[in-house]
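Working notes for the structure below.
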Amino acid sequence: MWQRLYKSAIIRGIENTKTQEELRDYILTHGCYSREEKLEIYEKWFANAPRYSFRAVDRKYGITKRLLCDIGCAYGMNLIYCALPGSYGIEIEDYEVRFARSLGVTVHKRDILTDDISDLPKVDVVWCCAVLEHVASPHILLRKMHILLSADGLLALYVPTIPLFPALRYLPRVGGYVSGHRATDHVNAFVPSTLRCFCERAGFNTIEISPFYPRFLRLFNRVPGANRLVDGCVYIGRKIQDWEYPEKATRRTALTKNGFVSIGQKFNY
């Protein structure tokens with residue numbers, strides 16, 4: 002809904018394709034599946050892309066003009082708006098990877114939690130939208146994102162959050178803004194303060210945690226607690242180069258599949 006409050010995003014990643022009509026034609030021409038599938042994919046994933054949170058973060062931080070990795074990129078609908086060659090996505094679903102590649106989008110098929118990512122290029126920005134609430138280990142995912150970033154790289158991470166007044170989900174027209182965290186496939190739940198803790202304990206310095214309210218509501222972005230009035234927030238943080246776990250922690254950072262190694266507890270008798 003809030004997408005409409007911003008001008009149409011500029012398609013930069015597909016040559017000679019600038020308008021939505023041209024994008025639709027390009028997808029129908031180059032997509033690797035049947036016409037019916039291509040139309041369905043376009044209408045659901047591309048017609049209104051990128052989503053509001055991506056546009057809002059881009060407006061403030063210019064992420065589409067920097068080298069970007071989109072984790073959980075699906076069909077690549079965000080990546081076609083990225084200006085720099087070398088931006089890429091990571092996606093676990095083969096169906097979506099094949100379609101994105103047929104459009105000329107660079108996507109690596111990986112399970113980011115368990116696969117080695119040491120061969121992937123470092124990026125200036127990691128964008129990750131609506132993934133953290135699904136994964137078995139949020140900490141491992143955050144450590145892998147830390148590894149992907151270049152020095153002082155930016156993490157932009159959207160998650161649905163538990164709102165301050167969950168009962169509002171029963172109200173007409175309001176419920177859709179406060180019930181996203183209840184989706185049946187979500188195994189993790191956050192509020193802004195716990196999201197901040199998760200990210201800082203993985204090596205990030207917090208810049209802001211905001212719903213990125215639009216236009217006249219924007220003043221609420223600076224009001225303490227207002228980031229809990231709706232059920233989604235974007236965490237913006239900067240990679241701390243050479244970050245390490247606290248001295249007494251039982252982990253140490255490492256370029257492993259987990260992003261750390263366990264050293265066990267040490268007892269002084």
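Take any residue in the sequence shown, count from 1 to its spot, add 1: that is its number in this note's numbering.
Ideal placement from N, C-alpha and C gives every residue a C-beta, glycine not left out.
For S263, the enclosing beta strand (DSSP E) begins and ends at F261 to S263. I148 places its beta carbon less than 7 Å from that of G260. Between W128 and M78, the C-beta gap is not smaller than 7 Å, which leaves the two residues out of contact. The residue among K145, E38, F55 and E44 with its C-alpha nearest the C-alpha of I11 is F55.
With a cutoff of 7 Å on beta-carbon distance, G90 and L68 are scored as not near each other. C200 and I93 have their C-alpha atoms some 22 Å from each other. Beta-bridge partners of K240 (DSSP): F205. Collapsing the DSSP output to three states places H31 in a helix.
Note that the stretch 140-154 touches the stretch 203-210; at least 3 beta-carbon pairs, one per stretch, sit closer than 8 Å.
One alpha carbon belongs to I210, the other to D59, and they sit about 15 Å apart. When secondary structure is reduced to three states using DSSP, Y89 falls in the strand class.
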